[in-house]
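Trainee: Below you'll find the structure I mean.
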Amino acid sequence: MFGLRYLRNAVTLTLNEATCNGCGMCVSVCPHGVFRMENRKAKVVDRDACMECGACARNCPSEAVTVKAGTGCAMAIIIGAIRGTEPSCGCSCDSD
Amino acid sequence: MDATSPKSGKCCCSIAAPTTADGIASLQPVADQAVWSAPWVQGKVATPAGDVPRVSTSLTWADRLGGWKVRWAIGRMRYLIPPGLYAVGDPTDESPVLVTANYKLTFDSLRSQLADRDVWLIVLDTKGINVWCAAAKGTFGTDEVVRRIQATRVAELVSHRVLVLPQLSAVGVCAREVLNRTDFRPVFGPVYATDLCEFLDGGIKTPEMRLVHFSLRDRLAVVPVEMVHAAGKLLTVAVCFFLLAGLGSDGYSPERLMSVGLPSAVVFLATSLGALVLGPVMLPYLPGRPFALKGLWLGLLFSAVLACGTGLDAIGIGGRLDLAAWCLIIPAVASFLLMNFTGCTTFTSVSGVRREMRKALPAQLLATFVGVATWLVGRFV
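Protein chains in written order, with the numbering used here: chain A, 697 to 792; chain B, 8 to 388.
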């Protein structure tokens with residue numbers, strides 16, 4: 697596979713369409729176009745594009761979206777494993 | 008906010024930034040009086056809440072140099088923007104209120120987009136970290152937004168109750184909670200500052216404005232950050248190779264430091280540099296989805312180049328052991344370094360990184376161990 701796509705079927709994202717109130721917040725805050733509105737309900741249309749940033753879950757008013765959010769950084773995971781904590785980033789980042 | 012370098016953005020920084028001394032106790036636009044001498048402040052706007060510094064919307068050479076230095080981690084913390092309320096142009100009570108991070112590059116890319124506009128700008132205390140990283144860490148979070156709304160007294164300056172936040176701050180900011188606690192309604196604007204004017208004019212966020220990219224330019228922008236970060240460890244390993252090369256069956260020989268040690272150190276550093284630069288550049292074109300696999304291809308390529316350059320026939324058994332050692336070490340190092348690059352990208356998930364690490368890390372360690380052992384054996388034959 698070529699291009700900037702990450703692993704298949706790896707993420708913890710779930711959407712309970714039954715409790716979704718159709719506000720569209722998840723669609724608005726997702727930086728990877730994972731969600732789309734269909735029939736006044738959010739729908740996951742590109743699950744593998746999810747990077748587990750957690751913006752959708754944090755802003756979902758009906759708690760229909762869940763995701764175990766975290767930083768997809770190998771060094772953070774290593775540092776976390778050494779310290780026995782959750783992944784913890786210690787690098788300096790850049791722009792934005 | 009532009010070049011939302013993402014995880015560069017995502018993963019970020021635990022730099023112990025000096026905390027600017029303005030908590031909720033100091034109810035004024037900007038508590039840090041040093042702001043008035045900042046080169047990017049041009050005068051002030053008098054308001055009922057106090058004088059508000061007006062920021063320039065054009066970047067000077069000093070700003071560009073400062074931005075460059077920030078990327079190379081030179082005096083990074085001298086470029087913290089004091090948190091507080093700023094004016095762009097001559098804002099009125101109907102002007103939009105934008106919220107941003109106090110990272111130099113974020114602040115610069117935002118203000119440079121706001122020429123000829125009248126807006127209020129709330130700079131949060133994100134400890135000098137960009138929007139996305141700070142949001143992931145929680146410093147660009149609900150509490151800080153609420154605290155800064157109160158500290159800057161922005162409610163006294165505007166008649167509306169709308170805040171425009173960068174979209175990527177949604178990782179840390181819960182919009183409805185800010186609304187409940189302050190009466191201000193956060194609206195998540197575009198990801199990139201370059202789309203901000205179109206968003207402010209049209210009031211609509213197009214699907215395109217929501218998406219984060221990871222262009223060649225974005226990838227190159229994080230290369231210096233990664234290099235500075237890894238330099239110390241990589242140089243240490245190179246020095247170890249250099250010094251260990253003096254070992255031999257006849258004792259320790261300083262001549263071998265130059266004949267074997269120097270080339271070994273150079274091969275190791277060239278591999279690292281190659282992976283740190285070519286990895287990000289070639290990221291979309293390296294086969295496979297796991298970064299460790301992408302790095303492996305790169306390492307195998309480097310190994311092939313080394314093997315061709317060395318010439319298998321021209322060297323004795325010691326040389327062949329060396330070559331075999333490097334053909335294990337180089338792919339392992341390149342694979343590890345590219346796996347680490349996951350932290351700089353805009354699209355890797357923590358579950359995915361964990362999954363690839365479970366397979367890749369043991370293989371990388373084993374190859375490195377066997378490679379280094381082989382290299383050491385090569386010193387004594």
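Where is the CB? At the ideal position from N, CA and C, for every residue including glycine. As the structure is a prediction and not an experimental result, all values here were calculated from the model.
What in chain A is Cβ-close to T349 (chain B), meaning under 8 angstroms?
Mentor: By 1-based counting over the second sequence, the position of residue 349 (chain B) is 342. Chain A residues near T349 (chain B): G768, C769, A770.
Trainee: Check the Cβ of A760 (chain A) against every Cβ in chain B and list those closer than 8 angstroms, keeping chain order.
Mentor: As a working mapping, residue 760 (chain A) is identified with position 64 in the first sequence. Chain B residues near A760 (chain A): none, gap ~14 angstroms exceeds 8 angstroms.
Trainee: E233 (chain B) lies in the alpha helix (DSSP H); which residues open and close that run?
Mentor: Position 226 of the second sequence, counted from the first residue, corresponds to residue 233 (chain B). It spans 223-251 - the alpha helix (DSSP H) in which E233 (chain B) sits, taken as one unbroken run.
Trainee: Hey, does V198 (chain B) have any beta-carbon neighbour from chain A nearer than 8 angstroms?
Mentor: Numbered from 1 along the second sequence, position 191 holds the residue referred to as residue 198 (chain B). Closer than 8 angstroms to some Cβ of chain A, the Cβ of V198 (chain B) qualifies, so yes.
Trainee: Under the rule that 16 or more other beta-carbon atoms within 10 Å means buried, what is E734 (chain A), buried or exposed?
Mentor: Taking the first residue of the first sequence as 1, we reach residue 734 (chain A) at position 38. Looking at its Cβ environment, which holds fewer than 16 other Cβ atoms inside 10 Å, E734 (chain A) is exposed.
Trainee: Alpha carbon to alpha carbon, how far is R61 (chain B) from Q120 (chain B)?
Mentor: Working through the second sequence from its first residue, we reach residue 61 (chain B) at position 54. Working through the second sequence from its first residue, we reach residue 120 (chain B) at position 113. Going from the Cα of R61 (chain B) to the Cα of Q120 (chain B) covers about 15 angstroms.
Trainee: Note down the Cα distance separating V245 (chain B) from D208 (chain B), rounded to an integer number of angstroms.
Mentor: As a first step, residue 245 (chain B) is located in the second sequence; it is residue number 238 there, counting from the start. As a first step, residue 208 (chain B) is located in the second sequence; it is residue number 201 there, counting from the start. Per the sequence shown, the amino acid found at residue 245 (chain B) is Ala instead of Val. When rounded, the distance between both Cα atoms is 55 angstroms.
Trainee: Roughly how many angstroms lie between the CA atoms of Y259 (chain B) and L251 (chain B), to the nearest whole one?
Mentor: Walking along the second sequence from the start, residue 259 (chain B) turns up at place 252. Walking along the second sequence from the start, residue 251 (chain B) turns up at place 244. In a straight line, the C-alpha of Y259 (chain B) is about 9 angstroms away from that of L251 (chain B).
Trainee: Please list, in chain order, the chain B residues whose beta carbon lies closer than 8 angstroms to that of A706 (chain A).
Mentor: Position 10 of the first sequence, counted from the start, is the residue given in the question as residue 706 (chain A). Under the 8 angstroms cutoff, chain B gives S356, S358, G359, R362.
Trainee: Taking a cut of 7 angstroms between CB atoms, which residues from the stretch 709-724 of chain A lie near chain B?
Mentor: Against chain B - using a Cβ distance shorter than 7 angstroms - the residues of the stretch 709-724 of chain A are S724.
Trainee: Just curious, the alpha helix (DSSP H) that G209 (chain B) is in, first and last residue?
Mentor: Locating residue 209 (chain B) in the second sequence gives position 202, where the first residue counts as 1. G209 (chain B) -> alpha helix (DSSP H) spans 203-209.
Trainee: Just list the residues that DSSP pairs W127 (chain B) with in beta bridges.
Mentor: The residue given as residue 127 (chain B) occupies position 120 in the second sequence. According to DSSP, W127 (chain B) bridges with B:A94, B:V104.
Trainee: Among the residues of its own chain, which have a CB less than 8 angstroms from the CB of A32 (chain B), if the five just before and after it don't count?
Mentor: The residue labelled residue 32 (chain B) in the question sits at position 25 within the second sequence. Bear in mind that the predicted position of A32 (chain B) carries a pLDDT of just 47, short of 50, making it unreliable; the figure below should be weighed with that in mind. The answer is none, since no qualifying residue turns up.
Trainee: Can the beta-carbon of T54 (chain B) be found closer than 8 angstroms to that of L170 (chain B)?
Mentor: Within the second sequence, the letter at position 47 stands for residue 54 (chain B). Within the second sequence, the letter at position 163 stands for residue 170 (chain B). No, the Cβ-Cβ distance between T54 (chain B) and L170 (chain B) is not below 8 angstroms.
Trainee: Starting from the C-beta of G239 (chain B), find all residues in its chain whose C-beta is less than 6 angstroms away, skip the five residues before and the five after it, and write them out in chain order.
Mentor: As a first step, residue 239 (chain B) is located in the second sequence; it is residue number 232 there, counting from the start. Closer than 6 angstroms at Cβ, skipping near neighbours: no residue.
Trainee: Give the residues from the stretch 109-131 of chain B that approach chain A closer than 9 angstroms (Cβ to any Cβ), ordered along the chain.
Mentor: Residues Y110, L112, T113, S116.
Trainee: Classify Q49 (chain B) as helix, strand or coil using the three-state DSSP reduction.
Mentor: Reading the second sequence from its first residue, position 42 is the one you call residue 49 (chain B). Reduced to three states, the DSSP call for Q49 (chain B) is strand.
Trainee: Give a yes or no on whether the minimum CB-CB distance between M733 (chain A) and chain B is below 8 angstroms.
Mentor: Locating residue 733 (chain A) in the first sequence gives position 37, where the first residue counts as 1. Chain B contact via Cβ: absent.
Trainee: Roughly how many whole angstroms lie between the Cα atoms of G30 (chain B) and T352 (chain B)?
Mentor: For the purposes of this step, residue 30 (chain B) is identified with residue 23 of the second sequence, where counting begins at 1. For the purposes of this step, residue 352 (chain B) is identified with residue 345 of the second sequence, where counting begins at 1. Bear in mind that the predicted position of G30 (chain B) carries a pLDDT of just 43, short of 50, making it too unreliable to give a figure here.
Trainee: Starting from K366 (chain B), follow the alpha helix (DSSP H) in both directions and report where the run begins and ends.
Mentor: Reading the second sequence from its first residue, position 359 is the one you call residue 366 (chain B). First-last of the alpha helix (DSSP H) with K366 (chain B): 357-385.
Trainee: By DSSP, does F195 (chain B) sit in helix, in strand, or in coil?
Mentor: For the purposes of this step, residue 195 (chain B) is taken as residue 188 along the second sequence, with counting starting at 1. Here F195 (chain B) sits in strand by DSSP.
Trainee: For L172 (chain B), is the classification buried or exposed, using 16 other Cβ atoms within 10 angstroms of its Cβ as the cut-off for buried?
Mentor: In the second sequence, the residue the question calls residue 172 (chain B) occupies position 165. With 16 or more other Cβ atoms within 10 Å, it is buried.
Trainee: Taking only beta-carbon atoms, is V178 (chain B) less than 8 angstroms away from chain A?
Mentor: The residue given as residue 178 (chain B) occupies position 171 in the second sequence. So, interface residue.
Trainee: Using 8 angstroms as the limit for Cβ to Cβ distance, is K240 (chain B) near chain A?
Mentor: The sequence position of residue 240 (chain B) within the second sequence is 233, counting from 1. Judged by the 8 angstroms Cβ criterion, K240 (chain B) is not in contact with chain A.
Trainee: What in chain B is Cβ-close to G780 (chain A), meaning under 7 angstroms?
Mentor: One-based indexing of the first sequence puts residue 780 (chain A) at position 84. By Cβ distance, chain B contributes nothing, its closest Cβ being about 15 angstroms from G780 (chain A), past 7 angstroms.
Trainee: Please report how far the alpha carbon of L223 (chain B) lies from the alpha carbon of L293 (chain B), in whole angstroms.
Mentor: The sequence position of residue 223 (chain B) within the second sequence is 216, counting from 1. The sequence position of residue 293 (chain B) within the second sequence is 286, counting from 1. Taking the straight line joining both Cα atoms gives about 14 angstroms.
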